[in-house]
Amino acid sequence: MPPAMLSIFVVLVLVVGSLAGTSPNNTRCLCTYGEPCWPTADQFAELESQVSQPLIYPVPTASACYPVNDPSGNCTEVVQDWTNGNWRSSMPGSMEAPNFETFMFKNGTIGACYLNTSLGVPCEQGSVPVIGVDARTPQVIQAAISFALQQVLKLVVKNTGHDFLGRSTARGAFVIWTHNMKSITFDAQFTPRGAPANETYQAVIVGAGVQWYEAYDTVNQNGRMMVGGASLGGSVGAGGGWLQGGGHSALSPTYGLGTLKCEPVPILTLILW
421 MPPAMLSIFV
431 VLVLVVGSLA
441 GTSPNNTRCL
451 CTYGEPCWPT
461 ADQFAELESQ
471 VSQPLIYPVP
481 TASACYPVND
491 PSGNCTEVVQ
501 DWTNGNWRSS
511 MPGSMEAPNF
521 ETFMFKNGTI
531 GACYLNTSLG
541 VPCEQGSVPV
551 IGVDARTPQV
561 IQAAISFALQ
571 QVLKLVVKNT
581 GHDFLGRSTA
591 RGAFVIWTHN
601 MKSITFDAQF
611 TPRGAPANET
621 YQAVIVGAGV
631 QWYEAYDTVN
641 QNGRMMVGGA
651 SLGGSVGAGG
661 GWLQGGGHSA
671 LSPTYGLGTL
681 KCEPVPILTL
691 ILW
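Counting the sequence shown from 1 gives a position; the working numbering is that position plus 420.
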């Protein structure tokens, strides 16, 4: 194998949440915004005192274009970058697929914030979470999850919002936004867990918010290559579904599955009841 093709282990420093509905012994529904169970301003203030960044209040992507007669933000930028996945990934309320920002009620009406302001309908929150944390350390995520458990909140985890099943968002939910966990390090002498001390590999250690193109840039700068996922529009996170699903690729017969070159350190999976 040529030197440029040496194996690169991807070491994921992740904290991800796995939401699994309700326990057989606890049928209480998860609390969402607008219900009497929703935390008070004082309770959210207490949470804010425990985290490193101010709480975030996500808004739909097109909200900057409303109200129509006095836009609240840079609507020109929204129009220009509407299909820019990398731009969308940088905002906590923006999803890769705009349809996941909308919500359909049981009566068939839709809550949404449309880019087409000529429709004459107001901008609504839709399925965009209303509040959350800008997580930059595992400790912040632990505090946020503890809060969500105590308050029995509907919780979602969003990195870039590139999820074709829409799991990065939910109406009235509390969100943990991991996009700014951007730590990335190239280690020329990485020893996998359980391996002899003299067994080393070249590895790139990435945080939960690192996107594939950022990982590729780091590896390229060190004269190596890595097995990874597609970086469509720059919006795909390295710690997302490609690796968690096995890391299949047309190049797998030559370079192997992505998970075979991944050392997860650590992955914390939490099931919320």
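Built from N, CA and C at the ideal position, the CB exists for glycine as well.
Closest to residue i by CA distance: which of the options is it?
{"i": "G546", "options": "P558, S669, C533", "result": "C533"}
{"i": "N519", "options": "N527, F567, G531", "result": "G531"}
{"i": "R644", "options": "V630, A650, A623", "result": "A623"}
{"i": "A563", "options": "Y453, Q664, G678, E468", "result": "E468"}
{"i": "T481", "options": "S510, V471, P459, A465", "result": "S510"}
{"i": "C543", "options": "A465, S651, A615, V488", "result": "V488"}
{"i": "F584", "options": "W662, G454, T452", "result": "W662"}
{"i": "S566", "options": "H582, L539, V595", "result": "V595"}
{"i": "T452", "options": "D462, T589, M515, S492", "result": "T589"}
{"i": "T460", "options": "T522, L573, G660, K526", "result": "L573"}
{"i": "R556", "options": "K578, W507, L569, A650", "result": "K578"}
{"i": "V576", "options": "R587, H582, Q570", "result": "R587"}
{"i": "V553", "options": "G666, F523, G513", "result": "G513"}
{"i": "L652", "options": "W632, S472, L539, T605", "result": "W632"}
{"i": "Q570", "options": "G454, F464, L680", "result": "F464"}
{"i": "G660", "options": "P558, H582, E455, N527", "result": "H582"}
{"i": "T537", "options": "M524, P491, G528", "result": "P491"}
{"i": "E378", "options": "L535, I625, N527, D462", "result": "An answer regarding residue 378 cannot be provided, because it is not within the stretch 421 to 693 covered by the chain."}
If you count every other CB in all the chains shown that lies within 10 Å of the CB of residue i, and 16 or more means buried, which is it?
{"i": "G441", "result": "Its pLDDT being 41, under 50, G441 is placed unreliably by the model, and the measurement read from it follows with that caveat. So G441 ends up on the exposed side."}
{"i": "C682", "result": "buried"}
{"i": "V560", "result": "buried"}
{"i": "E516", "result": "buried"}
{"i": "L539", "result": "exposed"}
{"i": "L680", "result": "exposed"}
{"i": "R613", "result": "exposed"}
{"i": "A635", "result": "buried"}
{"i": "E521", "result": "buried"}
{"i": "V630", "result": "buried"}
{"i": "G592", "result": "buried"}
{"i": "V499", "result": "exposed"}
Hey, quick one: how far does the alpha helix (DSSP H) through residue i stretch, first residue to last?
{"i": "D501", "result": "495 to 501"}
{"i": "Y477", "result": "Neither: Y477 is in no alpha helix (DSSP H) and is coded neither H nor E."}
{"i": "G661", "result": "661 to 664"}
{"i": "L569", "result": "558 to 571"}
{"i": "V639", "result": "632 to 641"}
{"i": "T674", "result": "672 to 675"}
{"i": "R508", "result": "505 to 509"}
For residue i, which residues of its own chain have a beta-carbon under 6 Å away from its beta-carbon, when the five flanking residues on both sides are left out?
{"i": "S603", "result": "G627"}
{"i": "Q609", "result": "T620"}
{"i": "T707", "result": "Coverage of the chain is limited to positions 421 through 693, which leaves residue 707 absent and any answer about it impossible."}
{"i": "G678", "result": "V647, L663, G667"}
{"i": "A568", "result": "L575, F594"}
{"i": "G493", "result": "A484"}
{"i": "C457", "result": "C451"}
{"i": "Q470", "result": "A563"}
Return the first residue and the last residue of the beta strand (DSSP E) that residue i is part of.
{"i": "V656", "result": "Element bounds for V656: n/a, residue is neither H nor E."}
{"i": "D554", "result": "551 to 554"}
{"i": "Q622", "result": "621 to 627"}
{"i": "L535", "result": "Careful: L535 lies outside any beta strand (DSSP E) and carries neither H nor E."}
{"i": "Q470", "result": "Careful: Q470 lies outside any beta strand (DSSP E) and carries neither H nor E."}
{"i": "W597", "result": "594 to 597"}
{"i": "A608", "result": "604 to 610"}
{"i": "V577", "result": "575 to 578"}
Which same chain residues, not among the five before or five after residue i, have their C-beta less than 7 Å away from its C-beta?
{"i": "C495", "result": "A484, C485"}
{"i": "L450", "result": "V572, L573, K574"}
{"i": "T611", "result": "A617, E619, T620"}
{"i": "M524", "result": "I530"}
Only counting the same chain, and skipping five residues up and downstream in sequence, which positions put a Cβ closer than 8 Å to that of residue i?
{"i": "P676", "result": "Residue identity check: residue 676 is Gly in the sequence provided, not Pro. For G676, where only same-chain residues beyond five positions count, the Cβ hits under 8 Å are V647."}
{"i": "A650", "result": "W632, V656, W662"}
At least one CB of chain D closer than 8 Å to the CB of residue i: is that the case?
{"i": "T638", "result": "This model lacks chain D altogether, as it is built from one protein chain only."}
query = Is the region 632 to 640 close to the region 671 to 678, with three or more CB pairs under 8 Å?
reply = They do not touch, by the three-pair rule.
inquiry  = Quick test of the definition: if touching needs 3 or more C-beta pairs under 8 Å, does the region 585 to 603 touch the region 489 to 505?
reply    = As far as the Cβ criterion goes, the region 585 to 603 does not touch the region 489 to 505, which means the pair count is below three.
request  = Count the C-beta pairs between the region 474 to 494 and the region 543 to 560 that are closer than 8 Å, then say yes if the count reaches three, no if not.
outcome  = A contact exists between the region 474 to 494 and the region 543 to 560.
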